Amino acid sequence: MNHFLDIHKTDPAALRSILDQARAMKDARAGQLKGVKDAETPLNGHMVALIFEKPSTRTRVSFDVGVRQMGGETLVLTGSEMQLGHGETIADTAQVLSRFVDLIMIRTFEEESLLELAEHASVPVINGLTNRSHPCQIMADVMTYEEHRGPIAGKKVVWVGDGNNVCASFLHAAGAFGFDMVVTGPQPLDPEKEFVDLARSQGASVELVRDPIEAVKDADLVVADTWVSMHDSLSTRERRHNQLGPYQVNAELMSHAKPDALFMHCLPAHRGEEATNEVMDGPHSVIFDEAENRLHAQKAVMRYCLGV
Ligand code: CP
Ligand code: NVA
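Residues 1 to 308 (my numbering) make up the sequence shown, in order.
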């Protein structure tokens, strides 16, 4: 049984074959829509629970649609409407759900909740975002980069802003996919040292650079995310805005990257804060391809987990 808990916990060869399958399914789907091929339904007879303890648009819709496209069925549950939100333990929840469903995707707060669920579930568990990581997003992002520019190996990926959960998953992916990272932001919002050390131990170059212009020089990919994540206390908003203001991705900053650099943002965005409309809607931006590729990448992740 394969869980999908984090990029660095999944074998690099498996990550690559997930992306190959995602690409093949995306192409097949395009063919099906033109009436070329019969739909593949490897999740026929499978029930997937999608648990959300935080809001979501992309993760919720892409998993739900992805399961249905593969012939399976979904139960979308929010933490507050489950007994989980009223004191039932994660371990008991995991064992009960395992009697009913074939796969569990969870978006939650603490990483420990995800790990405890996986430990006690007898079906595979997928990480749909925790305070510390967002692996499904980075599978879609690597897929998107490679669709537009070919292999990501050897490329310079620059993360601009808060060294948050999405940044962490990029660091987890750097070694496995062979790209280098520069993270630029204020020192108090640096990514956790553990993630930087892990990427370096896997052979990736990781630099922390304070000056955003210096950081994006020769970048192949520039990535931004919200300045205040769902798990951040709103009381930190003003401080974060002051700290991160100099790290806005605008056309001037993008002009220091390579001319054919891509711009990514996992969305949802606060337009005019971490990135301007000019960049979000500009020639470098592939933000909606990223969003679409959540669907294709996650369909392949689910097949990997279920072995179908
Ligand atoms: N990028 C992402 O995970 O979006 P949602 O919060 O809408 O799921
Ligand atoms: N860093 C953001 C990502 C949202 C998809 C958050 O955790 O809120």
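Beta carbons: idealized from backbone N, C-alpha and C, even for Gly.
Predicted model, so just to flag it, every value in this text is computed and none were measured.
ASN2 and ASP289 have their alpha carbons spaced roughly 27 Å apart. A distance criterion of 7 Å places the beta-carbon of HIS148 beyond contact range of ligand 2, judged by its closest non-hydrogen atom. Non-local C-beta neighbours of CYS136 in its own chain, meaning closer than 6 Å and more than five positions away in sequence, comprise GLN298, ordered along the chain. Within the DSSP secondary-structure output, VAL182 pairs in a beta bridge with VAL158, GLU207. DSSP, read as helix, strand or coil, puts VAL142 in helix. Out of ARG58, GLU238, ALA215, the CA that lies nearest to the CA of LEU253 is found in ALA215.
Annotation: the continuous beta strand (DSSP E) that includes GLU73 extends over 73-78. At a threshold of 7 Å, THR74 does not count as near ligand 2, since its beta carbon sits no closer than that to any of the ligand's heavy atoms. Within a 10 Å sphere around the beta-carbon of SER169 sit 16 or more other beta-carbons, which makes this residue buried.
DSSP lists VAL222, SER285 as the bridge partner or partners of PHE263. Judged by the Cβ position, CYS266 qualifies as a neighbour of ligand 1 at the 7 Å threshold, a heavy atom of the ligand being closer than this. With a cutoff of 8 Å on beta-carbon distance, ILE7 and ALA176 are scored as near each other. Beyond the five residues adjoining it in sequence on each side, VAL157 comes within less than 6 Å, by CB distance, of PHE179, MET181, LEU221 in the same chain, given in chain order. Nearest to THR130 by C-alpha distance, out of SER122, ARG29, ASP218, GLU112, is GLU112. Of the other Cβ atoms in all chains shown, 16 or more fall within 10 Å of the Cβ of LEU295; this residue is therefore buried. Going by DSSP, ALA49 is part of the beta strand (DSSP E) stretching over 47-52. According to the DSSP assignment, ARG107 belongs to the beta strand (DSSP E) that extends over 103-107. Three or more Cβ pairs drawn from the stretch 181-201 and the stretch 229-246 lie within less than 8 Å of each other, which places the two stretches in contact. Our two residues, MET25 and THR74, have alpha carbons roughly 20 Å apart in a direct line. Exposed is the label assigned to GLY272, since fewer than 16 other Cβ atoms lie within 10 Å of its Cβ. Burial of GLU53 is indicated by the presence of at least 16 other C-beta atoms within 10 angstroms of its C-beta. In the structure shown, ALA30 falls within a helical segment according to DSSP collapsed to helix, strand and coil. A distance below 6 Å between beta-carbons, with the five flanking residues on each side excluded, links CYS167 to the following residues of its chain, in chain order: TRP159, PRO191. Exposed is the label assigned to GLU194, since fewer than 16 other Cβ atoms lie within 10 Å of its Cβ. Annotation: the continuous alpha helix (DSSP H) that includes ILE213 extends over 212-216. Look at the beta carbons and you see the stretch 47-67 not touching the stretch 26-35: under three pairs across the two are nearer than 8 Å. Cβ contact annotation for GLN202 (same chain, cutoff 6 Å, sequence separation greater than five): GLY175, in chain order. Residue pairing of ALA275 in beta bridges, as defined by DSSP: VAL249, ARG271. Judged by their CB atoms, ASN127 and SER229 are not nearer to each other than the 8 Å cut-off. THR41 and VAL48 have their alpha carbons spaced roughly 14 Å apart. Looking at the DSSP output, VAL125 bridges to ILE104. For LEU208, the closest alpha carbon among the candidates ASP162, ALA173, HIS231, THR226 is that of ASP162. Residue pairing for PHE195: DSSP places it in no beta bridge.
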